[in-house]
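Everything below concerns the one structure shown next.
Numbering (the working numbering), first residue to last: 1063 to 1184.
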């Protein structure tokens, strides 16, 4: 395994709860894929986990510009503690242009924080 990049992100759970409460579907539909919205459990925790993983993946891919890239092109879902990351659209094209073959991600929820890491491999 050769590492292309490593990303880490920390999300404050109350911030995500406040965004969901204030903007509801507008926030959810801008940032999240339907499969992320369908996750079971506390919705704010699930969205905070996905949000943190998306940010960590973004950093691991070493994406410098957000133009023409959609956050919904990174899908992070939790399957019994194992994070699955799927890329599509322009983000997938960026990963392919860097010869990224796999992305491994993990997320940890502790108190009011979600900490996520991602490793992009070539």
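Glycine included, each C-beta is placed from N, C-alpha and C at the ideal position.
Opposite residue i in the DSSP bridges: which residues?
| i | result |
| --- | --- |
| residue 1065 | 1183 |
Quick one, are the C-beta atoms of residue i and residue j less than 9 Å apart?
| i | j | result |
| --- | --- | --- |
| residue 1122 | residue 1181 | yes |
| residue 1164 | residue 1115 | no |
| residue 1152 | residue 1146 | no |
| residue 1176 | residue 1070 | no |
Which residues in the same chain as residue i place their Cβ atom closer than 6 Å to its Cβ, once the five residues preceding and following it in sequence are excluded?
| i | result |
| --- | --- |
| residue 1120 | none |
| residue 1161 | 1184 |
In chain order, what residues of the same chain lie with their CB nearer than 8 Å to the CB of residue i, ignoring the 5 residues before and after it?
| i | result |
| --- | --- |
| residue 1157 | 1123, 1149, 1165 and 1182 |
| residue 1082 | 1089, 1090, 1105, 1106 and 1109 |
Using alpha carbons as the reference points, say which of the options lies closest to residue i.
| i | options | result |
| --- | --- | --- |
| residue 1067 | 1140, 1117 and 1176 | 1117 |
| residue 1144 | 1152, 1127, 1101 and 1161 | 1101 |
| residue 1125 | 1184, 1092, 1073 and 1154 | 1154 |
Does at least one heavy atom of the ligand COA sit under 8 Å from the Cβ of residue i?
| i | result |
| --- | --- |
| residue 1108 | Of the ligands one can find in the structure shown there are none, so the ligand COA has no counterpart to examine. |
Indicate whether the contact test is met: 3 or more Cβ pairs, each with one atom in the segment 1106-1122 and one in the segment 1170-1181, closer than 8 Å.
-> Because the criterion of three Cβ pairs below 8 Å is met, the segment 1106-1122 and the segment 1170-1181 touch.
Any contact of the segment 1131-1144 with the segment 1076-1090, i.e. 3+ C-beta pairs under 8 Å?
-> Below 8 Å, too few C-beta pairs join the segment 1131-1144 and the segment 1076-1090 to call them touching: fewer than three.
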